[in-house]
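Per full-length UniProt numbering: the sequence shown = residues 1 to 315.
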Amino acid sequence: MKISFVIPCYNSSKNISKVIQEIDDAMKQRQEIEYEIILVNDCSKDNTAEVIKSIAQKRSNLIAIDLAKNVGQPNALLAGLNYVSGDYIMTSDDDGQTPVGRVFDFLDEIKKGYDVVCARYIERNQPSAFRRLGSVLNRKMSDWLIEKPKGTYMAAFFMARRYIVDEMVKYRQPYPYISGIILRTTQNVGNIDIEQRVRASGHSGYNIKKLLKLWLNGFTAFSIKPLRVAVGVGFGFAGVGVLTAIITIIRKLVVANIQVGWSSLMAVNLLIGGVILIFMGLIGEYIGRIYMCINETPQYVIKDIVKSEDKKERP
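And the structure:
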């Protein structure tokens with residue numbers, strides 16, 4: 001049996017060695033199990049690329065992949081998943097917050113018959129109120145949009161069987177949403193309670209812009225429900241408009257000299273116009289993503305791969 005660890009890396013030159021050491025320490029418990037580590041540098045601004053390449057040159061069970069441009073954690077994860085050779089695949093963050101040393105807890109759980117086992121965070125170390133709110137909203141959104149099994153928690157920290165990963169990497173569109181990709185493959189998902197640790201050093205690579213982009217990917221990648229909501233809202237406003245027109249006519253017939261309110265009319269026009277523009281933008285987002293997919297925009301571009309000492313490949 002073999003376990004593959006896939007870790008997207010971004011500005012993690014100070015943390016990644018500790019994560020690797022945690023994996024090594026955990027795997028010593030069962031030395032009969034082979035393992036490999038695949039590190040994907042997502043065009044970091046620090047010297048992460050040099051650090052992981054240096055480690056890869058000294059180890060036969062570690063692959064360092066260097067991407068040509070920053071594509072985000074989901075795309076970088078898929079890049080790494082394309083190079084796994086294990087029977088089970090484990091993902092992890094690069095900042096030390098995910099206790100990857102609990103790999104055998106995940107393995108024992110997945111052997112109960114699950115296809116995927118995800119972390120369920122009973123405590124999250126997110127100092128930012130915005131990040132905490134974003135996590136809650138993202139969870140609620142995924143509950144509604146991708147219709148995950150009731151009581152199941154999805155997370156980027158998970159273990160999956162090989163055939164699940166083989167199906168996941170078939171998704172070649174430039175806007176991946178990992179939870180959606182997993183759930184379109186299987187709904188046989190288990191959970192393990194995890195406490196998220198404090199970052200070893202540095203700060204999160206997710207700013208407001210990146211979080212909104214990630215949220216939008218989930219919002220549009222695997223569901224047309226937002227468009228159906230737009231239709232429903234349109235019918236709702238149309239109904240209110242018809243009702244308002246009837247009331248206006250009746251009032252005019254009853255009170256001949258009633259004054260028409262210019263301010264209220266402008267307020268209604270601005271409200272309806274704003275709603276129309278919002279949903280036109282939503283439709284435009286879907287159309288734009290369709291265009292980008294037709295244009296075959298790549299998920300990622302690999303600049304360099306280092307597998308072991310004196311063995312260097314270029315795609």
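Note that CB positions come from ideal geometry on N, CA and C, so glycine has one too.
The structure displayed is predicted, hence computed values, not measured ones.
Among ALA26, LYS45, ARG197 and VAL84, the one whose alpha carbon lies nearest that of LEU39:
Among ALA26, LYS45, ARG197 and VAL84, the Cα nearest to that of LEU39 is on VAL84.
Backbone CA spacing between LYS18 and ILE182 [nearest angstrom]
Here the alpha carbon of LYS18 sits roughly 28 Å from the alpha carbon of ILE182.
Specify whether the segment 95-104 and the segment 65-74 touch according to this definition: at least 3 beta carbon pairs, one from each stretch, less than 8 Å apart.
The segment 95-104 vs the segment 65-74: no contact.
What does DSSP give as the partner residues of CYS118 in its beta bridges?
Its beta-bridge partners are PHE158 and ASN191.
Does the segment 47-58 come into contact with the segment 150-162, if we say contact requires no fewer than three beta-carbon pairs (one atom in each stretch) closer than 8 Å?
Short answer: they don't touch.
Could you give the residue range of the alpha helix (DSSP H) that holds MET27?
DSSP places MET27 inside the alpha helix (DSSP H), whose first and last residues are 16-27.
Which listed residue (ARG59, ILE55, GLN29 and ASP42) has its alpha carbon closest to that of GLY101
With distances taken between Cα atoms, GLY101 lies closest to GLN29.
Between ALA230 and LEU271, what straight-line distance do the alpha-carbon atoms span, to the nearest angstrom?
Rounded to whole angstroms, the separation of the alpha carbons of LEU271 and ALA230 is 15 Å.
According to DSSP, is ASN41 part of a helix, a strand, or is it coil?
ASN41 sits in a strand when the DSSP states are folded into three classes.
Might you give, ordered along the chain, the residues of its own chain that have their beta carbon closer than 6 Å to the beta carbon of ALA26, omitting 5 neighbours on each side?
Cβ contact annotation for ALA26 (same chain, cutoff 6 Å, sequence separation greater than five): GLY101 and VAL103, in chain order.
Identify every residue that forms a DSSP beta bridge with GLU34.
GLU34 is bridged to LYS2.
In DSSP terms, what THR91 is bridged to
Secondary-structure assignment with DSSP links THR91 through a beta bridge to VAL6.
Backbone CA spacing between LEU227 and ASN295 [nearest angstrom]
If I take the Cα positions, the gap works out to 23 Å.
Own chain, CB closer than 7 Å to CYS9, minus 5 neighbours either side, in chain order
Leaving aside the five residues that flank CYS9 on each side, the residues in its chain whose CB is nearer than 7 Å to its CB run, in chain order, ILE16, LEU39, VAL40, ASN41, ASP42, SER44, THR48, ILE52 and ASP94.
Taking only the alpha-carbon atoms, compute the straight-line gap between ARG162 and LYS111 and give it to the nearest angstrom.
Roughly 13 Å between the two C-alpha positions.
Under 7 Å Cβ to Cβ from PHE106, same chain only, skipping five residues before and after it: list those, please.
Cβ within range, chain order: MET90, VAL117, MET159 and ILE192.
Identity of the residues DSSP links to LEU62 by a beta bridge:
LEU62 pairs with ILE37.
Would the beta-carbon of VAL233 fall within 7 Å of that of ALA56?
Judged by beta-carbon spacing, ALA56 lies beyond the 7 Å limit of VAL233, meaning their Cβ atoms are not closer than that value.
Could you spell out the range, first to last residue, of the alpha helix (DSSP H) harbouring SER308?
Run containing SER308: none in the alpha helix (DSSP H); it sits in the beta strand (DSSP E), 302-308.
Determine the extent of the alpha helix (DSSP H) in which TYR186 is found, giving its start and end residues.
The sequence shown places Thr at residue 186, rather than the Tyr named in the question. Premise fails: THR186 is in no alpha helix (DSSP H) and is neither H nor E.
Excluding five sequence neighbours on each side, which residues of the same chain lie with their C-beta closer than 6 Å to the C-beta of GLY190?
GLU109, TYR114 and VAL117, listed in sequence order.
Taking the straight line between their C-alpha atoms, what separation do you get for GLN31 and LYS2?
Looking at the two C-alpha atoms, the distance is approximately 11 Å.
Distance CB(SER60)-CB(SER308) smaller than 7 Å
Inclusion of SER60 and SER308 in the CB contact set at 7 Å is warranted, their separation being smaller than that value.
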